[in-house]
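Please read the structure below before turning to the comments.
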DNA sequence: TTAAATTCCTGTAAGC
DNA sequence: TGCTTACAGGAATTTA
């Protein structure tokens, strides 16, 4: 599933091909994938807009257009945003097609339809509640271990649940929550507020490392994740715990445990993580 | 305020 | 072989 490293890969790939292009037309084959504004308004207002910038906040793709407006894409579980020749046959579950002025198309495909598209200024989207207030970027140099420690204070929920909370830290999902907790040798069910400064410092570093390595490997294609060209990443081959329940821990050889935290499958080593 | 449970959705795989 | 069922999970929403 697309988390911060996967979204970052797509954004970095798309940026040089999209900036300066104009969206000449938009077709919605599944209109309710658009959550703001009304789909009809979305189609009408996006035509003719020029793309000024392509960025990311958490797991959200921000495509900056004329007049301070943003085309925001969230990929949910199975969303794919591809830049493709207009003549290429349409894949099933393609919900939105943006025609560009160079003959290419930006296509949004999402079998499970957990993703969504938004259009508007950032303020407008925040006020409408369609764009949530996000926590800091975990790979931002300004976000230090002390900032993470402060955000954990008085939180009694499991540290894994708090890592998944996008208003605490933006961009972490099930894969990199489990991976960073393993690297930090911390049990995912520990109450976030119970962690010492030292432990949080270790987790902060592990989280950053997990995300940066995954970006270098162009993300984890554990499910349907594909980049903007339809290609897989390679980080799934490097994962230490995610998807490896019952398999031996790479450090101690003990079978990895599987539990459920915050409604998510959670894999960790009972011997190495405390 | 925080946390837990529920809901949405389809492809895949396990079980009978 | 073919059917049913469980499971995967991001995050909005609902409930406690």
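Residue numbers (our numbering): 4 to 277. For each residue, glycine too, the CB sits at the ideal point set by N, CA and C. Computed from a prediction, not measured in an experiment: that's the story for all the values here.
Could you name the residues that DSSP lists as bridge partners for residue 116? Reading the first chain from its first residue, position 113 is the one you call residue 116. According to DSSP, residue 116 bridges with nothing at all.
Please state whether DSSP places residue 166 in a helix, a strand or coil. Here residue 166 refers to the residue found at position 163 when the first chain is read from its first residue. The answer is helix: DSSP assigns residue 166 an H, G or I state.
Straight-line gap, residue 81 to residue 19 (C-alpha atoms, nearest Å): To locate residue 81, count along the first chain from 1; it is residue 78. To locate residue 19, count along the first chain from 1; it is residue 16. Rounded to the nearest angstrom, the two C-alpha atoms are 24 Å apart.
Can you give me the start and stop residues for the beta strand (DSSP E) that residue 38 sits inside? Walking along the first chain from the start, residue 38 turns up at place 35. Unbroken beta strand (DSSP E) run through residue 38: 37-39.
Does residue 93 pass the burial test, meaning 16 or more other C-beta atoms within 10 Å, or should it be called exposed? Counting from one through the first chain, the residue named residue 93 turns up at place 90. Exposed, because fewer than 16 other Cβ atoms sit within 10 Å of the Cβ of residue 93.
Helix, strand or coil, according to DSSP, for residue 302 in the structure here? Since the first residue of the chain shown is 4 and the last is 277, residue 302 is not available in this structure.
Output the distance between the C-alpha atoms of residue 227 and residue 30, rounded to the nearest integer angstrom. Within the first chain, numbered from 1, the residue matching residue 227 stands at position 224. Within the first chain, numbered from 1, the residue matching residue 30 stands at position 27. Each residue's Cα considered, the two are about 23 Å apart.
Could you tell me whether the Cβ atoms of residue 220 and residue 236 are closer together than 8 Å? Residue mapping note: residue 220 aligns to position 217 of the first chain, counting from 1. Residue mapping note: residue 236 aligns to position 233 of the first chain, counting from 1. Yes, the pair counts as a contact, with Cβ atoms nearer than the cut-off.
Spatial distance of residue 10 from residue 84 (CA atoms): The residue labelled residue 10 in the question sits at position 7 within the first chain. The residue labelled residue 84 in the question sits at position 81 within the first chain. Cα to Cα, residue 10 sits roughly 10 Å from residue 84.
Helix, strand or coil: which one does DSSP assign to residue 66? Start at 1 with the first residue of the first chain, and residue 66 comes out as number 63. Strand at residue 66.
Along the chain, where does the alpha helix (DSSP H) containing residue 237 start, and where does it finish? Here residue 237 corresponds to residue number 234 of the first chain, with the count starting at 1. No alpha helix (DSSP H) contains residue 237, which DSSP labels as neither H nor E.
Would you grab the beta carbon distance between residue 6 and residue 175 for me? Rounded to a whole angstrom, and I think it's under 8 Å. If you number the first chain from 1, residue 6 lands on position 3. If you number the first chain from 1, residue 175 lands on position 172. Rounded, the Cβ-Cβ distance is 7 Å, consistent with contact.
Distance, Cα to Cα, residue 275 vs residue 188? Residue 275 sits at position 272 when you count from the first residue of the first chain. Residue 188 sits at position 185 when you count from the first residue of the first chain. The alpha-carbon atoms of residue 275 and residue 188 are separated by roughly 6 Å.
Residue 205 to residue 25 span [Cα, whole Å]: Position 202 of the first chain, counted from the first residue, corresponds to residue 205. Position 22 of the first chain, counted from the first residue, corresponds to residue 25. If I take the Cα positions, the gap works out to 45 Å.
So what's residue 30 in DSSP terms, helix, strand or just coil? If you number the first chain from 1, residue 30 lands on position 27. Here residue 30 sits in strand by DSSP.
Top-ranked residue by Cα proximity to residue 139, from 111, 173, 167: Within the first chain, numbered from 1, the residue matching residue 139 stands at position 136. For residue 139, the nearest C-alpha among the options comes from 173.
Does the separation of the CB atoms of residue 159 and residue 194 fall below 8 Å? Residue numbering aside, residue 159 sits at position 156 when the first chain is read from its first letter. Residue numbering aside, residue 194 sits at position 191 when the first chain is read from its first letter. A contact, by the Cβ cut-off of 8 Å.
Helix, strand or coil: which one does DSSP assign to residue 99? As a first step, residue 99 is located in the first chain; it is residue number 96 there, counting from the start. In this structure, residue 99 counts as strand in the three-state DSSP scheme.
Where residue 166 and residue 23 are concerned, what is the direct C-alpha to C-alpha distance, given to the nearest angstrom? One-based indexing of the first chain puts residue 166 at position 163. One-based indexing of the first chain puts residue 23 at position 20. Cα to Cα, the separation comes out at about 36 Å.
Starting from residue 56, trace the beta strand (DSSP E) in both directions and tell me its first and last residue. Here residue 56 refers to the residue found at position 53 when the first chain is read from its first residue. Its beta strand (DSSP E) spans residues 56-60.
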